[in-house]
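Residue numbers 18 to 613, in my numbering, belong to the letters of the sequence shown in order. Where a beta carbon is used, it is the ideal one built from N, C-alpha and C, also for glycine. Below: the structure, in structure tokens.
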Amino acid sequence: MLNEDPRPDDLPDAPTGYAALPPSYPAPAPGAGSGSTGGPGGARLLAPPVDPATGRTARSSLRPVLAAVAVVAVVAALVLAVWRIGNPPSVAQSRVTVPASAFPAPSATDPPPASQGPNGTVTADYPALLAPFYTQRLGWSPCADNAKHECATMEVPVDYAKPTGDRFTLALRKAPATQPSKRLGSLVINPGGPGGSGVEYAQYSSFVFSPGVRAAYDIVGFDPRGIGASSPVRCLSNSDMDLLFSADPTPDSAAERSTLLADVDGVTKRCAARGGDRAMHMSTTEVARDMDVMRVLLGDEKLNFFGGSYGTFLGAIYADTFPKKVGRMVLDSAMSPNQTEQQEMTYDIQGFESSIDAFIDWCVARPDCALGSDKAGARQKIVDLLDSVEKNGLTTTKPGLSRIGEGWVGFAIFMCLYSDQSWPTLDKGLAQAFTGKGDILLAKGMSVVERGITGDYAPSTYLQAMIPVRCADWPRSTADPTLAAEQKKAKAAHPLWSRMTGELYDNCRTWPTAGRTPKGATLAAGADPILVIGNERDPATPIGGTKQLANDLASGILLTSDHDGHGTYYAGNSCVDSAVDGYLLRGTAPRDGTTC
Numbered sequence: 018m019l020n021e022d023p024r025p026d027d028l029p030d031a032p033t034g035y036a037a038l039p040p041s042y043p044a045p046a047p048g049a050g051s052g053s054t055g056g057p058g059g060a061r062l063l064a065p066p067v068d069p070a071t072g073r074t075a076r077s078s079l080r081p082v083l084a085a086v087a088v089v090a091v092v093a094a095l096v097l098a099v100w101r102i103g104n105p106p107s108v109a110q111s112r113v114t115v116p117a118s119a120f121p122a123p124s125a126t127d128p129p130p131a132s133q134g135p136n137g138t139v140t141a142d143y144p145a146l147l148a149p150f151y152t153q154r155l156g157w158s159p160c161a162d163n164a165k166h167e168c169a170t171m172e173v174p175v176d177y178a179k180p181t182g183d184r185f186t187l188a189l190r191k192a193p194a195t196q197p198s199k200r201l202g203s204l205v206i207n208p209g210g211p212g213g214s215g216v217e218y219a220q221y222s223s224f225v226f227s228p229g230v231r232a233a234y235d236i237v238g239f240d241p242r243g244i245g246a247s248s249p250v251r252c253l254s255n256s257d258m259d260l261l262f263s264a265d266p267t268p269d270s271a272a273e274r275s276t277l278l279a280d281v282d283g284v285t286k287r288c289a290a291r292g293g294d295r296a297m298h299m300s301t302t303e304v305a306r307d308m309d310v311m312r313v314l315l316g317d318e319k320l321n322f323f324g325g326s327y328g329t330f331l332g333a334i335y336a337d338t339f340p341k342k343v344g345r346m347v348l349d350s351a352m353s354p355n356q357t358e359q360q361e362m363t364y365d366i367q368g369f370e371s372s373i374d375a376f377i378d379w380c381v382a383r384p385d386c387a388l389g390s391d392k393a394g395a396r397q398k399i400v401d402l403l404d405s406v407e408k409n410g411l412t413t414t415k416p417g418l419s420r421i422g423e424g425w426v427g428f429a430i431f432m433c434l435y436s437d438q439s440w441p442t443l444d445k446g447l448a449q450a451f452t453g454k455g456d457i458l459l460a461k462g463m464s465v466v467e468r469g470i471t472g473d474y475a476p477s478t479y480l481q482a483m484i485p486v487r488c489a490d491w492p493r494s495t496a497d498p499t500l501a502a503e504q505k506k507a508k509a510a511h512p513l514w515s516r517m518t519g520e521l522y523d524n525c526r527t528w529p530t531a532g533r534t535p536k537g538a539t540l541a542a543g544a545d546p547i548l549v550i551g552n553e554r555d556p557a558t559p560i561g562g563t564k565q566l567a568n569d570l571a572s573g574i575l576l577t578s579d580h581d582g583h584g585t586y587y588a589g590n591s592c593v594d595s596a597v598d599g600y601l602l603r604g605t606a607p608r609d610g611t612t613c
């Protein structure tokens with residue numbers, strides 16, 4: 018049953034402590050950090066614990082290449098990225114059969130003969146130049162905060178094209194199978210973000226996976242290269258991150274738009290300068306290659322993987338790069354690496370509209386709903402509130418943020434749609450906002466991005482990863498008059514969505530390296546069945562993107578849940594849980610297209 022009270026961590030006086038990294042993780046090598054914004058090595062703060070209600074860290078399905086999502090001016094470009102538009106092809110279109118040979122694993126040279134891995138249980142097939150990485154040993158030792166868990170580190174090349182050069186040190190955490198006699202292998206996990214901590218995801222694995230899965234698998238989480246405890250790249254200062262939320266996301270004049278775009282370009286340039294060469298090598302494609310090294314070091318012939326949110330992008334890229342190495346893979350709340358701007362726009366409208374409708378339906382049925390009892394009028398009240406906040410702001414009691422604008426307010430509203438457990442917080446936050454005060458909504462937004470009341474962001478805040486990862490993962494946007502016209506039409510038809518959309522803009526245009534070019538064809542030909550799951554009403558990774566990924570994958574199997582929020586597995590739907598557990602534990606996949 019839905020708790021009618023706000024979540025404790027959403028309230029203005031909520032505790033702000035975060036779990037500390039086990040001291041066994043080494044400090045990053047010299048140069049691993051970046052500029053004055055990087056903290057010292059050794060123990061560091063991590064992202065807040067994974068929400069037990071969803072098992073997810075905050076993220077959006079959208080690219081950063083366009084700053085959009087009214088929630089925050091510049092963060093729109095970085096955190097929730099672009100709301101796209103258009104008429105996508107049907108997700109039910111026929112799949113193209115492509116021979117597995119069309120997707121060879123990347124190699125720097127001809128691979129040596131298959132050999133036994135360091136764990137003695139897996140044969141490895143890797144380029145000779147990468148042998149130092151594929152044959153290293155993981156020195157597991159008890160984690161400082163939980164002796165039942167084990168922690169280790171591994172090294173990977175910063176640039177796979179130059180494997181003898183600089184290295185990232187990756188942090189790993191393992192929650193060993195609780196019933197070793199039933200052990201099936203390792204289950205590598207990633208919570209998304211980009212920028213979410215897989216180390217912390219594993220730390221809270223008992224909230225995220227069923228007892229049956231934890232009995233049979235070593236749950237292994239890792240912080241991706243440049244993130245968290247893995248040679249962190251910290252390219253944004255506190256002032257940069259505050260700027261992401263303080264600018265006007267919906268400029269009303271040429272002067273306001275010019276200011277917004279200058280802020281975007283400035284933040285991107287500063288990130289590139291501070292991050293240096295390592296920031297240029299934080300792509301999901303490179304993380305996928307890191308995971309293959311990890312697979313061998315863990316002693317697994319095939320990679321068993323659970324990815325949530327942006328972690329589904331990682332899983333899909335791995336499967337397309339190493340199709341024959343795919344074991345049992347679950348992609349929860351998904352997006353396809355093939356998504357186009359037009360498809361994303363369509364999916365995002367659907368995701369936002371269905372999620373806000375679900376909240377409004379719940380709210381207006383309550384006697385104390387801040388939006389009243391009229392469903393049609395409720396939506397307009399939020400529109401009017403955002404328009405008022407743009408002009409007048411909201412007052413708060415937070416030091417240094419005595420007045421907040423549309424950026425913080427819209428961001429908090431959107432984040433409250435991630436889980437129905439935050440609907441009571443949104444209701445009370447809106448009620449307070451109608452009186453001109455913004456403490457509740459600001460507290461929600463600050464908790465998501467890990468901003469303390471002193472104005473300092475936790476070193477691990479996922480904002481640090483948004484620019485380097487997304488600018489590497491997606492192509493640059495080009496001026497498209499047709500797209501602009503369609504966006505204008507969509508904003509007129511969806512006035513609340515338009516306030517939550519912001520300015521269409523390529524925030525990666527000043528990033529010094531090119532983005533990935535989407536394949537635009539069938540993914541992972543030759544891979545074992547891959548289970549793709551999602552909620553029908555998900556504001557962050559709309560169901561359209563989940564359906565597209567299931568279709569784009571040559572062996573994709575779609576399972577949908579008639580539920581609200583972001584995160585499908587182990588979130589209250591026993592039908593979904595049974596299907597996922599059956600697949601992970603017995604290899605039995607549900608019928609493609611099943612709905613729970």
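Query                                                                                                                                                                        : Result
Evaluate contact between the segment 241-256 and the segment 359-369, counting only Cβ atoms and requiring at least three cross-stretch pairs below 8 Å.                     : no
If you drop the 5 nearest sequence neighbours on each side, which residues of the same chain put their C-beta closer than 7 Å to that of K319?                               : K342, V343, G344
My assumption, with CB atoms under 8 Å, is that A596 sits in contact with T611. Please give the rounded CB distance.                                                         : 7 Å
Considering only C-alpha positions, which residue in the set G229, R608, E423 is nearest to T195?                                                                            : G229
By the 10 Å Cβ neighbour count, where 16 or more other Cβ atoms means buried, how is G417 classified, buried or exposed?                                                     : exposed
Using the Cβ count rule (16 or more neighbours within 10 Å means buried), how would you classify P180?                                                                       : buried
Once DSSP output is grouped into helix, strand and coil, what is the label at E217?                                                                                          : helix
For S275, collect the residues of the same chain with a Cβ closer than 6 Å to its Cβ; drop the 5 residues on either side in sequence, then sort them by chain order.         : none
Just verifying my parser: in three-state terms, what is the DSSP assignment at V205?                                                                                         : strand
Can you give the Cα-Cα distance for H166 and V205, rounded to whole angstroms?                                                                                               : 14 Å
Going by beta carbon distance, what residues of the same chain come within less than 6 Å of M346, once the five residues before and after it are set aside?                  : F322, G332, I547
In three-state DSSP terms, what is V173?                                                                                                                                     : strand
Between which two residues does the alpha helix (DSSP H) holding V228 run?                                                                                                   : The sequence given here has Pro at residue 228, not Val. Segment 228-233, the alpha helix (DSSP H) holding P228.
Between the alpha carbons of S300 and A290, how many angstroms are there, rounded?                                                                                           : 17 Å
Quick one: which unbroken beta strand (DSSP E) runs of 3-plus residues sit fully inside the segment 539-594? Chain order, please.                                            : 547-554, 573-581
Which same chain residues end up closer than 7 Å to V173 when comparing Cβ atoms and leaving out the 5 residues on each side of it in sequence?                              : F150, R184, F185, L187, R242, D307, V310
What residue from Q367, Y479, C386 has the CA that sits closest to T563's CA?                                                                                                : Q367
What first and last residue would you give for the alpha helix (DSSP H) that runs through K392?                                                                              : 392-409
Under the three-state reduction of DSSP, which class applies to D269: helix, strand or coil?                                                                                 : coil
Starting from V343, trace the beta strand (DSSP E) in both directions and tell me its first and last residue.                                                                : 343-349
May I ask you to list the residues that DSSP assigns as paired with G324?                                                                                                    : N207, L348
Leaving aside the five residues before and after N207 along the sequence, list all residues of the same chain whose C-beta is less than 6 Å from its C-beta, in chain order. : G215, G324, G328, L331
By how many angstroms is the C-alpha of S390 removed from the C-alpha of A90?                                                                                                : For A90, the predicted structure reports a pLDDT of 32, less than 50, and the residue's modelled location is therefore unreliable. A value from the coordinates is still provided. Those two C-alpha atoms are separated by around 31 Å.
What does the Cβ neighbour count give for K199, buried or exposed, with the cut at 16 atoms within 10 Å?                                                                     : exposed
Return the bridge partner residues of T329 from the DSSP annotation.                                                                                                         : DSSP, once it has assigned bridges, lists no residue as partnering T329.
The beta strand (DSSP E) spanning P159 covers which residue range?                                                                                                           : 158-160
Compare the Cα-Cα distances from M432 to each of Y335, P512, T558, A507 and report the closest residue.                                                                      : T558
Ignoring anything shorter than 4 residues or poking outside the segment 398-476, list the alpha helix (DSSP H) runs there in chain order.                                    : 423-433, 440-450, 456-466
What does the alpha-carbon distance come out to for the pair G618 and L480?                                                                                                  : Only positions 18 to 613 of the chain appear in this structure, which leaves residue 618 out of reach.
How would you label S78, buried or exposed, when you count the other beta carbons within 10 angstroms and need 16 or more for buried?                                        : Confidence at S78 is low in this model, with a pLDDT of 30, below 50, so its placement is unreliable and the value that follows should be read with caution. It is buried - the Cβ of S78 has at least 16 other Cβ atoms within 10 Å.
Rounded to the nearest angstrom, what separates T414 and P556 at their Cα positions?                                                                                         : 29 Å
Would you say G472 and K461 are within 9 Å of each other, going by their C-beta atoms?                                                                                       : no
Would you list the one or two residues that DSSP bridges to I244?                                                                                                            : None; I244 has no bridge partner.
Quick check: the segment 281-289 against the segment 519-535, are at least 3 beta-carbon pairs closer than 8 Å?                                                              : yes
Assuming G394 and I421 make a contact with CB atoms under 8 Å, what is their CB distance in whole Å?                                                                         : Actually they do not touch by this definition, with Cβ atoms about 25 Å apart.
Work out the CA separation of D349 and G210 for me, nearest whole Å.                                                                                                         : 13 Å
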